[in-house]
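Enquirer: Here the sequence shown stands for residues 2 to 339, where the numbers follow this note's numbering. All residues carry an ideal CB built from backbone N, CA and C; glycine is no exception. This structure is a prediction, so every number in the text was calculated from the model and none was measured.
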Amino acid sequence: MPTILGIESSCDETAAAVCQDRLILSNIIASQDIHKAYGGVVTELASRAHLQAIVPVVDQALQAANTGLGDIDAFAFTAAPGLIGALLVGAEFAKSLALAYDKPLIAVHHMQAHVLANLILSPAGAAGVPSFPFLCLTVSGGHTQIVLCKSPLDMEVLGQTLDDAAGEAFDKSAKILGLPYPGGPLIDRYAQEGQPERFKFPEPKIDGFNFSFSGLKTAILYFVRDETLKNPHFVTENLADICASVQARIVSILLNKLKLAASKTGIKTICIAGGVSANKGLRTAFARMGLELGWKTFIPPFEYCTDNAAMIAITGLYKFQAGQWEDLAVVPSARGIF
Ligand code: KG4
Ligand code: ZN
């Protein structure tokens, strides 16, 4: 049973996790609160915060797993995509460990890892995992994709966003409403008290399995501007209903495309993944759609939806078993496809 240490540092979370086979022994995440003051992630501050956090976070992950560096069979790190200065911190740290302990080094694609979070076994072994092939709607702050997964390391992107990602649509809408960054979880929270039918926002007409969210953002901007001219307290007086209506539209854009992809491919095992899959409105509507259409649906546990290193460790495990190791010359990349 291989034991893998995973390290994630692609954006504003420094994370480390240990997996043994497909069981997660520890999953430690240090979030960088410093960005809140700026309304978005400041890349240079992110790199510096990763440098400060990486040693204690890895240390905590080893302690919580009751293991030591000498017991690790391979060191996996996020190699792409992400902020390059942030990626470099995790990459160089993993390289140093692989060199010092003379163990394999494994480069992981962050979006592939979000998908494979669905294959993590729960400690009780109760919750099932999807069988291949399956479709995964991966929705995060930087990406929105429908991925056809033929095996753990054989994935094909069937469609993706042409402009903003779903997480950006949440965060930018929140910003228009005067909510702090990251606004996605706040829209989720307010939406629970609101009426999703109250305000109607447009659904874009985009061919195939691709998405677009920039028109929605503009529609919300003009809507809020016009209503605030009539009533300066419009946003505060109607916040829950606006949030519920925005969320309902983002969710319907996502799920209508997922439904199309499922019907065109004939695949009925369907997963969601990525930070936005933490959204309660999406989780509920996805489960309901699955019941209606006879899908087998899967959503990773909450802590494996937003950025984490458990998903890096599990992807590292599959790559370790497939012999997909890197030498120390490997460099991370801000972009990069799988
Ligand atoms: O996957 P993730 O943690 O990081 C990236 O790889 O981007 O996703 C972060 C995104 C942010 O846009 C955040 O606002 C959104 O996920 N998010 C949510 C929720 N939790 C996180 N959006 C809506 N509802 C949530 N509950
Ligand atoms: Zn992510």
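With C-beta atoms as the reference, is Phe94 less than 9 Å away from Ser10?
Expert: As a first step, residue 94 is located in the sequence shown; it is residue number 93 there, counting from the start. As a first step, residue 10 is located in the sequence shown; it is residue number 9 there, counting from the start. Contact: yes.
Enquirer: Where does Pro303 land, buried or exposed, given buried means 16+ other C-beta within 10 angstroms?
Expert: On the sequence shown, residue 303 is found 302 positions in, with the first residue counted as 1. The amino acid at residue 303 is misidentified as Pro; the sequence shows Phe. By the 10 Å Cβ count, Phe303 comes out exposed.
Enquirer: State the Cα-Cα distance for the pair Ile273 and Gly142, rounded to the nearest angstrom.
Expert: Mapped onto the sequence shown, residue 273 falls at position 272. Mapped onto the sequence shown, residue 142 falls at position 141. Using only the alpha carbons, I get a separation of about 14 Å.
Enquirer: What do you reckon, is the C-beta of His115 under 8 Å from a heavy atom of the ligand KG4?
Expert: Start at 1 with the first residue of the sequence shown, and residue 115 comes out as number 114. Yes, the beta carbon of His115 sits closer than 8 Å to at least one heavy atom of the ligand KG4.
Enquirer: Could you say which of Leu6, Cys244, Gly185 lies nearest to Ala99 if we only look at CA atoms?
Expert: Taking the first residue of the sequence shown as 1, we reach residue 99 at position 98. Taking only the C-alpha atoms, the option nearest Ala99 is Leu6.
Enquirer: Using DSSP with H/G/I as helix, E/B as strand and the rest coil, what is Val148?
Expert: Residue numbering aside, residue 148 sits at position 147 when the sequence shown is read from its first letter. DSSP places Val148 in strand when its eight states are reduced to three.
Enquirer: State the Cα-Cα distance for the pair Phe321 and Glu169, rounded to the nearest angstrom.
Expert: Here residue 321 refers to the residue found at position 320 of the sequence shown. Here residue 169 refers to the residue found at position 168 of the sequence shown. So the two alpha carbons sit approximately 33 Å from each other.
Enquirer: At what residues does the beta strand (DSSP E) containing Met2 begin and finish?
Expert: For the purposes of this step, residue 2 is taken as residue 1 along the sequence shown, with counting starting at 1. Careful: Met2 lies outside any beta strand (DSSP E) and carries neither H nor E.
Enquirer: Kindly confirm or deny that the region 245-253 and the region 111-124 touch, where touching means at least three C-beta pairs closer than 8 Å.
Expert: Cβ pair count under 8 Å is below three, so no.
Enquirer: Identify the continuous beta strand (DSSP E) that holds Glu14 and give its terminal residues.
Expert: Locating residue 14 in the sequence shown gives position 13, counting from the first residue. Element bounds for Glu14: 14-21.
Enquirer: Tell me the DSSP secondary structure of Val331 in three-state form.
Expert: Along the sequence shown, read from residue 1 onward, the residue named residue 331 stands at position 330. Here Val331 sits in coil by DSSP.
Enquirer: Apply the 10 Å Cβ neighbour rule to Gly40 and answer buried if 16 or more other Cβ atoms are within range, or exposed otherwise.
Expert: Within the sequence shown, numbered from 1, the residue matching residue 40 stands at position 39. Classification for Gly40: exposed.
Enquirer: Throw me the rounded Cβ distance for the Tyr182 and His36 pair, which I believe falls under 8 Å.
Expert: Within the sequence shown, the letter at position 181 stands for residue 182. Within the sequence shown, the letter at position 35 stands for residue 36. That belief holds up - the Cβ atoms of Tyr182 and His36 are roughly 7 Å apart, short of 8 Å.
Enquirer: Please find out if some non-hydrogen atom of the ligand ZN comes closer than 8 Å to the beta-carbon of Gly337.
Expert: One-based indexing of the sequence shown puts residue 337 at position 336. No - the ligand ZN has no heavy atom lying nearer than 8 Å to the Cβ of Gly337.
Enquirer: Classify Leu178 as helix, strand or coil using the three-state DSSP reduction.
Expert: On the sequence shown, position 177 is the one that residue 178 refers to. Residue state, collapsed to three classes: coil.
Enquirer: By a C-beta neighbour count over all protein chains shown, 10 Å radius and 16 as the cutoff for buried, is Ala133 buried or exposed?
Expert: As a position in the sequence shown, residue 133 is number 132, starting the count at 1. Looking at the sequence shown, residue 133 is not Ala but Phe. Its Cβ having fewer than 16 others within 10 Å, Phe133 is exposed.
Enquirer: Hey, could you find the ends of the beta strand (DSSP E) Ala81 is sitting in?
Expert: Position 80 of the sequence shown, counting from 1, holds the residue named residue 81. 75-81 is the extent of the beta strand (DSSP E) around Ala81.
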